[in-house]
Amino acid sequence: MPRCVPRAASGGAGGGERNLGATTIDIRLLGPFQVLLDGSPVVLTSSRQRALLATLALAAGRLVSIDALARGVWGETPPAHIRGSLQTYVMRLRRLCGEDSVVTEPDGYRLVVDPSRVDALRFLQTLDQAAATTEPAQRRELLTAALGDWGGVPLEGVGSPTLAAEWGPLLTERYLFAVEQRIDLDAGLVPDARLVAELTDLVAQHPLRESLWERLVRALARAGRRAEALARYAGLRALLADELGVEPGEDLRRLHAELLAADAGPTVHTVPRQLPFDVAGFTGRGPELAELDRLPPGGASGIVVIEGTAGVGKTSLAVHWSHRVRDRFTGGQLFLDLRGHSADTPVTPGAALAGFLRALGVPPESLPSTVEERSALLRSRLAGSRTLMLLDNARDADQVRPLLPGPGNLVVVTSRNQLRGLVARDGARRIALRSFDDRDATALLAGSVGSQRLAAEPGAVAELVELCGRLPLALALAGERASRFSGVSLAGIVEELRDQRLRLDTLRDPEDAGTDLRAAFSWSYKALRPAAARFFRLLGLHPGHGFTLSSAAALAGADLREARELADQLAAAHLLNQPGTDRYQFHDLLRVYAAELVESETTAAERAAALRRLLDWYVASVAEANKLVRPDLLTEDITLDPAPLPAVRFAQHEQTIAWYTTERQALTALVGIAAGHGWTAHAWKLAWLLRGFFAERHDRDDWITTARTAVAATRDAGDNTGLQYSANNLGSAYLRTLQPDKALEALEEARAASEAGDGTALTVAILSNLAGAYYVRAEYAEAERHALQAVHLARDNGQRTFVPHALLNVSASRIGLRDYDHAAEAAQAAHEAFADLGDRYHAALALGNVAEALEGAGRYDEAESAGLAALAELKELNADYGTIDVQITLGRLKHRTGRARDASGHWAEALTVSQRLGDPRVAEIQALLASVPTENPSPGDAPYP
Numbered sequence: 000m001p002r003c004v005p006r007a008a009s010g011g012a013g014g015g016e017r018n019l020g021a022t023t024i025d026i027r028l029l030g031p032f033q034v035l036l037d038g039s040p041v042v043l044t045s046s047r048q049r050a051l052l053a054t055l056a057l058a059a060g061r062l063v064s065i066d067a068l069a070r071g072v073w074g075e076t077p078p079a080h081i082r083g084s085l086q087t088y089v090m091r092l093r094r095l096c097g098e099d100s101v102v103t104e105p106d107g108y109r110l111v112v113d114p115s116r117v118d119a120l121r122f123l124q125t126l127d128q129a130a131a132t133t134e135p136a137q138r139r140e141l142l143t144a145a146l147g148d149w150g151g152v153p154l155e156g157v158g159s160p161t162l163a164a165e166w167g168p169l170l171t172e173r174y175l176f177a178v179e180q181r182i183d184l185d186a187g188l189v190p191d192a193r194l195v196a197e198l199t200d201l202v203a204q205h206p207l208r209e210s211l212w213e214r215l216v217r218a219l220a221r222a223g224r225r226a227e228a229l230a231r232y233a234g235l236r237a238l239l240a241d242e243l244g245v246e247p248g249e250d251l252r253r254l255h256a257e258l259l260a261a262d263a264g265p266t267v268h269t270v271p272r273q274l275p276f277d278v279a280g281f282t283g284r285g286p287e288l289a290e291l292d293r294l295p296p297g298g299a300s301g302i303v304v305i306e307g308t309a310g311v312g313k314t315s316l317a318v319h320w321s322h323r324v325r326d327r328f329t330g331g332q333l334f335l336d337l338r339g340h341s342a343d344t345p346v347t348p349g350a351a352l353a354g355f356l357r358a359l360g361v362p363p364e365s366l367p368s369t370v371e372e373r374s375a376l377l378r379s380r381l382a383g384s385r386t387l388m389l390l391d392n393a394r395d396a397d398q399v400r401p402l403l404p405g406p407g408n409l410v411v412v413t414s415r416n417q418l419r420g421l422v423a424r425d426g427a428r429r430i431a432l433r434s435f436d437d438r439d440a441t442a443l444l445a446g447s448v449g450s451q452r453l454a455a456e457p458g459a460v461a462e463l464v465e466l467c468g469r470l471p472l473a474l475a476l477a478g479e480r481a482s483r484f485s486g487v488s489l490a491g492i493v494e495e496l497r498d499q500r501l502r503l504d505t506l507r508d509p510e511d512a513g514t515d516l517r518a519a520f521s522w523s524y525k526a527l528r529p530a531a532a533r534f535f536r537l538l539g540l541h542p543g544h545g546f547t548l549s550s551a552a553a554l555a556g557a558d559l560r561e562a563r564e565l566a567d568q569l570a571a572a573h574l575l576n577q578p579g580t581d582r583y584q585f586h587d588l589l590r591v592y593a594a595e596l597v598e599s600e601t602t603a604a605e606r607a608a609a610l611r612r613l614l615d616w617y618v619a620s621v622a623e624a625n626k627l628v629r630p631d632l633l634t635e636d637i638t639l640d641p642a643p644l645p646a647v648r649f650a651q652h653e654q655t656i657a658w659y660t661t662e663r664q665a666l667t668a669l670v671g672i673a674a675g676h677g678w679t680a681h682a683w684k685l686a687w688l689l690r691g692f693f694a695e696r697h698d699r700d701d702w703i704t705t706a707r708t709a710v711a712a713t714r715d716a717g718d719n720t721g722l723q724y725s726a727n728n729l730g731s732a733y734l735r736t737l738q739p740d741k742a743l744e745a746l747e748e749a750r751a752a753s754e755a756g757d758g759t760a761l762t763v764a765i766l767s768n769l770a771g772a773y774y775v776r777a778e779y780a781e782a783e784r785h786a787l788q789a790v791h792l793a794r795d796n797g798q799r800t801f802v803p804h805a806l807l808n809v810s811a812s813r814i815g816l817r818d819y820d821h822a823a824e825a826a827q828a829a830h831e832a833f834a835d836l837g838d839r840y841h842a843a844l845a846l847g848n849v850a851e852a853l854e855g856a857g858r859y860d861e862a863e864s865a866g867l868a869a870l871a872e873l874k875e876l877n878a879d880y881g882t883i884d885v886q887i888t889l890g891r892l893k894h895r896t897g898r899a900r901d902a903s904g905h906w907a908e909a910l911t912v913s914q915r916l917g918d919p920r921v922a923e924i925q926a927l928l929a930s931v932p933t934e935n936p937s938p939g940d941a942p943y944p
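Written out as structure tokens, the structure reads:
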């Protein structure tokens, strides 16, 4: 059995497992894995234990979920009993490190360790501190301290391919970038020969990293070893040609040219005119262009950030506007692609400054060696010059800030990141680009397809715009494809794009990486830290168009604080939109990309666990909402699994409806998702709990669809209890749409399921609904028989809340039988019972039945009083659907008592509501209105007194 074996200070092996009573633990991950307890090294002979400890250490005092630990320890092949296996390994760690070293949480474990005792976290924290300081000496000191922790290949010997894949590239990239920054700061302070030696070793380890080669060539040149510098460049060029078939990057080629021209005379100063070609056929962006036109060329508004997601047209807008106003900038125009999000290495501030200074006439040999000095020289050269600087595709504020030229000039920055620091600290003005509206999207398509072709297929054009998410680059690619295949209809192009799995493949040019949407999205995705990348992937499973922070947290298995931090990272990178403080949504094509990633980069088990957490949270939240919407739906059979986060709480009925309206797409989709995964109980319970919302909001199609899904799932699973609820739910939906034959079929299946089992609290409701179905079929005696059965059974079972519902159907059946007095008695009893229960809505409906029964009995005064009271209550409750029958009754009463005009008023109101709600009684009401004479009554037609 593997175990942790402490090593003696001399290096010999210790004698077995024991509790060392350690007060400090140090974990070294930057190089060969090592653990020190109170300064003494220990050996973990089990690779699983090493992987477990490393996974916990990288979270340093924060909760690590069971799923995350399983990924770290076993990768994609976890054991059958994950929790039990983890408990065994955790127990061994506690024996070694102390009982309190690993804390058990409800959803995982937490290592009690200060982040500063984990070298990888200390390394990253120190680098972040270095990036935050503007003082060169302090930054150099912090970089040197961070690099002192580096010990070689990260996570060597940990035994976790998953951790190595997630953290290794990040740590290595941060290390190399830090080394490059420190070398830049060392220039002039450390002998060039020493830097040459260090860089020679580094390029041997990382032979394809051009930024290291550039520094080596430059250091050789500064040391007077020009021939060696040229030889090194030649060697790199040959290496790149052999390995990759490419030339060195622009910065290295420029440096090579400088070396070759070192003996030439000084450069003649010219006014720079570096803007790229203007965009042909530029479309839209009227408000943004107007806002840019209002910018002065200098002063406090001298920086503007154009930010937005990949493909939204940031560069096109910036270049087009810059051409429009270039004559305002007498100092010229500087342009640079900073490559912040691309396949190439981002341009360093030092390289960017060197390029700008050369463009302004500074000889290469006169360039200062440090970024700070170059930045100061640029500000001096551009002071008050009225120069326009366009910095395209910036990665972050740190890349931009050294390039700022100072007052008297204008800087336009484009970025996929929000560059919040540039706005907050440097006073930049932000212009956030969103996707086109329908008009501009159609205009962009017309530029490549032609207006005549668009006019011939308006439906296909509208769907094409929708499938492209109104994203300018996607629309341009779709338009190019349509123009290339002129014989193919736009509907044919739409058919290609409908398949979400192929959409990003279709919207690309394989010969031009700059138009590959998937590649463009990937550059933003790959810049994320592992936790944010996982969060982004899992959000691709969310079925809603938008989502709250709580639902995203449930999906990811994170707490709210962690989810907020991760969502903020995605929003800052424009991988998520944030329309509200607690609301997020994908751009449509980014949703497609996230869905691709979650399929390709996560296991089926991880996807299923995420969806199960999301379902648990939504079902719990809908149950909470039903405490105010339909508390009677929360029967003893509606048991819930624990939710990963607290469910939504509601104070008012209106809040529940607003929440449902926002979440409706996700809620209805989750019924199908649950059924598809075999989670039958989740499927039928969610469909059942949604029926009150469907009824109140008149979402009949969703009601029928989700109920059918639940019926099929419970029938296939042999779940009699679930089938009773689901089939009864479907029958209710068919009743609401006046489809009595289908309702009877569903309700009989519900009754059969009830009889096959022990029955449930729902048996009364099934009988009551059967009465309703027979009523709609005008089989009133059969309806009364079922309704009375329901009343007696509910009373026998003590089901107080079901009695008045059954009585309501008794009254309706007796109205159909023209037994009006007894119908009125049943309706009055139902009204009083509903009132006692505090159910104002159904009490008002029962009062409407009282009015209809009394009107049939000829007791017009009593009927009118009851009807008007019911109508007033329903209007106060904003229950428009319930008013229809009452308005019909009042109209019939007044028509019979000689008040035709009043009758028309009631029926006209009923018709308006029916048409607005899509109610099937429209034809019936139109017939009633047609029965009213249009001429004025004669003087002899006295109204009913």
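For the sequence shown, numbering that gives the first Met the number 0 begins at 0 and goes up steadily by one.
Note that the Cβ used here is the ideal one computed from N, Cα and C, for glycine as well.
Since the model is a prediction, treat every value here as computed from it, not as a measurement.
For residue i, is the classification buried or exposed, using 16 other Cβ atoms within 10 angstroms of its Cβ as the cut-off for buried?
| i | result |
| --- | --- |
| Ala228 | buried |
| Leu569 | buried |
| His804 | buried |
| Thr547 | buried |
| Val152 | exposed |
| Gly717 | exposed |
| Thr133 | exposed |
| Gln827 | buried |
| Gln484 | Reading off the sequence, residue 484 comes out as Phe, not Gln. Under this definition Phe484 is an exposed residue. |
| Asp835 | exposed |
| Pro406 | exposed |
Would you identify the three-state DSSP class for residue i, choosing helix, strand or coil?
| i | result |
| --- | --- |
| Val921 | helix |
| Gly420 | helix |
| Thr266 | Legend: pLDDT at Thr266 = 44, less than 50; position of this residue unreliable, no value from coordinates given. |
| Thr386 | coil |
| Glu75 | coil |
| Ala650 | coil |
| Pro401 | helix |
| Ala572 | coil |
| Leu409 | strand |
| Phe122 | helix |
| Ala941 | The predicted model places Ala941 with a pLDDT of 31, which falls under 50 and marks its position as unreliable, so this point remains unresolved. |
| Gly545 | strand |
| Arg799 | coil |
List the whole-angstrom C-beta distance separating residue i from residue j, where the pair is believed to meet the contact cut-off of C-beta under 8 Å.
| i | j | result |
| --- | --- | --- |
| Thr713 | Ser725 | 5 Å |
| Ala752 | Leu722 | 4 Å |
| Leu527 | Ala454 | Wrong, their Cβ atoms sit about 43 Å apart, outside the cutoff. |
When you compare only the Cα positions, how much space is there between residue i and residue j?
| i | j | result |
| --- | --- | --- |
| His319 | Asn408 | 18 Å |
| Leu737 | Arg920 | 9 Å |
| Ser210 | Pro578 | 39 Å |
| Pro932 | His905 | 15 Å |
| Asp879 | Val885 | 10 Å |
| Ala423 | Leu403 | 15 Å |
| Arg563 | Glu600 | 23 Å |
| Leu927 | Phe693 | 28 Å |
| Ile814 | Thr638 | 39 Å |
*Return the chain-ordered ranges of every beta strand (DSSP E) run that is complete within the region 277-308 and spans a minimum of 3 residues.*
Residue ranges of uninterrupted beta strand (DSSP E) with 3 or more members, entirely inside the region 277-308 and ordered along the chain, are 302-306.
_Continuous alpha helix (DSSP H) assignments of at least 4 residues falling wholly in the region 729-764_ = Within the region 729-764, the complete alpha helix (DSSP H) runs of at least 4 residues fall at 739-755.
*For the region 860-898, which segments carrying the alpha helix (DSSP H) assignment without a break, of at least 4 residues, lie completely within its bounds, in sequence order?*
879-895
*Enumerate, from N- to C-terminal direction, the unbroken alpha helix (DSSP H) stretches of 4 or more residues contained entirely within the region 187-231.*
191-204 and 209-221
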